[in-house]
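Before any comments, here is the structure.
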Amino acid sequence: MSFYSHMYGVEIGSLSVDVFHQGSWKLDHLLLDGQQHSSSSDAFTQHNIDLSQFYGDIIIRFRTVAAGDWKGDIAIDDIVVTGPR
Numbered sequence: 006m007s008f009y010s011h012m013y014g015v016e017i018g019s020l021s022v023d024v025f026h027q028g029s030w031k032l033d034h035l036l037l038d039g040q041q042h043s044s045s046s047d048a049f050t051q052h053n054i055d056l057s058q059f060y061g062d063i064i065i066r067f068r069t070v071a072a073g074d075w076k077g078d079i080a081i082d083d084i085v086v087t088g089p090r
């Protein structure tokens with residue numbers, strides 16, 4: 006799976022990718038903590054996540070946790086999920 010993210014602001018919390026597999030959540034398969042970009046105009050960052058350890062049906066969840074006030078934005082874009090090759 007791949008996706009792009011942008012995380013800018015002094016009060017950014019975290020962005021996690023969780024996977025539900027075989028009846029339970031595997032939390033923080035990817036964890037990005039705190040501000041990841043130095044400007045609102047910075048290019049988005051691409052992330053590639055290996056999901057090959059999971060088989061059968063899965064659910065993918067993007068989860069954010071706020072760190073405080075309104076001074077931070079998290080965006081995700083262009084999510085691509087591919088099956089086994």
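Under the numbering used here, residue 90 is the last one in the sequence shown; the count climbs by one each step, no gaps.
Glycine included, each C-beta is placed from N, C-alpha and C at the ideal position.
Since this is a predicted model, take the numbers as computed values, not measurements.
Taking C-beta atoms under 8 angstroms as the contact rule, isoleucine 54 and methionine 6 qualify, at a distance of about 5 angstroms.
In the structure shown, aspartate 38 falls within a strand segment according to DSSP collapsed to helix, strand and coil. When DSSP states are grouped into helix, strand and coil, alanine 80 belongs to the strand group. The Cβ-Cβ distance between serine 10 and isoleucine 81 falls below 8 angstroms. Cβ-Cβ separation between threonine 87 and serine 19: approximately 26 angstroms, too far for a contact (criterion under 8 angstroms). Cβ neighbours of serine 44 within its own chain (closer than 8 angstroms, five residues either side excluded): Tyr13.
Check the Cα spacing between serine 57 and each of Val24, Leu37, Leu36, Ser46: the tightest is with Val24.
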